[in-house]
Amino acid sequence: MNSTSNGRIQYRSPIELAKTEIALSNVRLESKDLTIEFPESRKYSSHNSLASTLPNSQRTSVDGQMAASSFQSVWTKLTVNTDFIAEKTIATREMLDSREGNASPVSSKSLFTKLPSYFACGLPSVKKWMNRHQSMKDYPLRSSALADEQVLIIAVSKVAYSNTEPVHWELLSSIYRHIAQSISDDRYGAHWEKIGFQGSDPALDLRGVGVFGLCQLLFLVSNGLTSQMIDQLLQMANNPLQGFPFAVVGLNWTQMILERVKRGKLNHLATKENSFISCVNGIYRGCFIVFLKFWKTRKCTIADFGGVANEIKDLIRRRPKYLLNMAILGTSID
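Under the UniProt record's numbering, the first residue of the sequence shown is numbered 1, with each subsequent residue one higher.
Listed below in structure tokens is the structure:
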């Protein structure tokens, strides 16, 4: 990255700056539902600014356009006016199957046919329904609001990106605006690769996380990090030797966190936070802080991603409170 006359940091990709060849074709980001490959032929452009010295709340797109939306704004639009009945049915089924010591497949199957009517009628609440079954009692939530929020998060991860949903475009374009400091009306194009998606269509990277993966990316760049930390993140992501695809990395953290949500392993922390979405977003932010500390201090390259990702996954599994505390206390990547 190089500074320009307007004080912003000009994006230059690792390939363009270093003119080196990194063997990305053998590097894969893998999970049960999400497999990401870094193609050797990946191309980047270099004409957009990717950071600003302004606080996130004051960042606007070029030519006086309206500022990009915040996470809370889009999350409210996305979740308030949609019931997600079908997605909640799938989410609850997956939560039931994911819990350790769950009920037998036969007894569980007989319950699934009743789920749509429960959600459609609003009776009983998700929490009460879960607590009727022993498999859901291992990690109980005392708040029906938290139980509803838990199911909602998984449900949103089942929602595929749709070109007919304006809020989906607002979500995706806001991520771009916050990072690139410019506006693009193009749904497809090489400009998405500049912020770390794999190709011209970001929706293809969302398997396993749905639009919830985009929600967490927007949280990070609009609310989750200070302007200084965003600059540090982007500088590291586009370092000639240590660069990594920012968006794809974030989608991996989302997928790992979702697995813990399904199993009920974050219920205790969510109860303490009195908010499931605050809990998972805090852990997500902590993942990036720890990842970047590892990446910088160890002088990692993309070839090291698999090992570092496994360490982050282990932290999510064993020490989620540590990651949440990093989100609260972390103010710098250094």
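Positions of the beta carbon are idealized from the N, C-alpha and C atoms, including for glycine.
Taking C-alpha positions only, Lys158 is separated from Met229 by approximately 30 angstroms. Cβ-Cβ distances below 7 angstroms link Leu172 to Pro202 and Leu214 in the same chain, with the five nearest sequence neighbours on each side left out; the list follows chain order. Judged by beta-carbon spacing, Ser69 lies within the 8 angstroms limit of Ser174, meaning their Cβ atoms are closer than that value. Scanning its chain for C-beta atoms nearer than 7 angstroms, with the 5 sequence neighbours on each side dropped, one finds around His168 the residues Tyr161, Ser162 and Val211, in chain order. In the DSSP assignment, Pro166 falls within the unbroken alpha helix (DSSP H) covering Pro166 to Ala180. When secondary structure is reduced to three states using DSSP, Thr226 falls in the coil class, being assigned neither helix nor strand. Boundaries of the alpha helix (DSSP H) around Gln216: Gly210 to Phe219. Gly307 is classed as exposed because its beta carbon has fewer than 16 other beta carbons within 10 Å across all chains shown. Ala303 sits away from Asn252, with the two beta carbons spaced by 8 angstroms or more. DSSP, read as helix, strand or coil, puts Asn238 in coil. Just measuring C-alpha positions, the residue of Glu165, Leu241, Thr254 and Phe291 sitting nearest Arg207 is Thr254. Note that the C-beta distance between Leu141 and Thr271 is below 8 angstroms. Annotation for Ala327: Gly282, Arg285 and Gly286 place their beta carbon closer than 6 angstroms to its own, counting only its chain and skipping 5 residues before and after. Closest in C-alpha terms to Val249, from the list Leu225, Asn267 and Phe291, comes Phe291. Cys300 is positioned such that its CB atom lies no closer than 8 angstroms to that of Gln216. Sorting Met236, Leu269 and Arg319 by C-alpha distance to the C-alpha of Trp295 places Met236 at the top. For Thr164, the closest C-alpha among the options Glu149, Lys265 and Arg187 is that of Arg187. For Thr89, the three-state secondary structure derived from DSSP is helix.
Under the DSSP assignment, Ile283 falls in the alpha helix (DSSP H) whose first and last residues are Phe276 to Thr297. Closest by C-alpha distance to Gln198, out of Asp185, His178 and Phe244, is Phe244. The residue among Ser227, Ala190 and Thr76 with its C-alpha nearest the C-alpha of Glu170 is Thr76.
When the alpha-carbon of Lys321 is set against those of Gly224, Gly189, His268 and Ile289, the nearest one is in His268.
Just measuring C-alpha positions, the residue of Val261, Ile316 and Phe288 sitting nearest Glu149 is Val261.
The C-alpha of Pro166 is placed about 26 angstroms away from the C-alpha of Leu225. Contact annotation: Leu218 and Phe288 have beta-carbon atoms that are not nearer than 8 angstroms. Residue state for Asn252 is assigned as helix, using DSSP reduced to three classes. In the structure shown, Ser184 adopts coil according to DSSP, grouped into three states.
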